[in-house]
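Residue numbers (the UniProt record's numbering): 1 to 138. Even glycine gets a Cβ: it sits at the ideal position worked out from N, Cα and C. Structure first, commentary second.
Shown next, in the form of structure tokens:
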């Protein structure tokens with residue numbers, strides 16, 4: 001058994017996520033005046049437009065109050081829109097605005113570069129396998 005075989009998976013995943021988050025934040029998001037939580041919120045809304053604040057909070061595993069602060073900050077910048085009211089009495093669905101979609105698209109190349117910096121010691125096949133495994137588990 002190798003030295004790393006006994007390291008708990010949760011610890012290894014935390015280290016990987018921390019390294020990627022730090023690189024993405026510094027190299028990609030800060031120049032665009034975005035925080036990592038704002039980026040994650042925008043990425044979720046790009047995949048599932050119309051999510052409520054509660055849905056976003058559950059997906060990101062933060063409190064609804066914390067997510068409300070993130071969504072409001074994005075609204076103030078014109079990157080996310082929500083109706084002022086809905087007729088059904090349900091939660092307000094959030095969507096990316098045109099500016100929000102454009103800003104999110106500006107992160108794509110930088111995100112790929114950050115992933116490559118963090119995962120560059122793996123072969124392309126290992127990187128594909130890692131992505132496939134993580135996708136299957138999430």
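Distance from the CA of residue 64 to the CA of residue 117, rounded to the nearest whole angstrom, comes to 33 Å. Under the criterion of beta carbons closer than 8 Å, residue 107 and residue 79 do not qualify as touching, at roughly 12 Å. Residue pairing of residue 95 in beta bridges, as defined by DSSP: 81. As the crow flies, the alpha-carbon of residue 83 is around 7 Å from that of residue 93. Nearest neighbour of residue 75 by Cα position, chosen from 44, 38, 105 and 60, turns out to be 38.
By the CB criterion at 7 Å, residue 95 and residue 73 fall outside the cutoff.
About 12 Å separates the beta carbons of residue 56 and residue 69, which is beyond the 8 Å limit, so they are not a contact pair.
The three-state reading of DSSP puts residue 51 in strand, counting E and B together. Bounds of the alpha helix (DSSP H) holding residue 136 are 124-137.
By the Cβ-count criterion, residue 10 is exposed, with fewer than 16 other Cβ atoms from all chains shown falling within 10 Å of its own Cβ.
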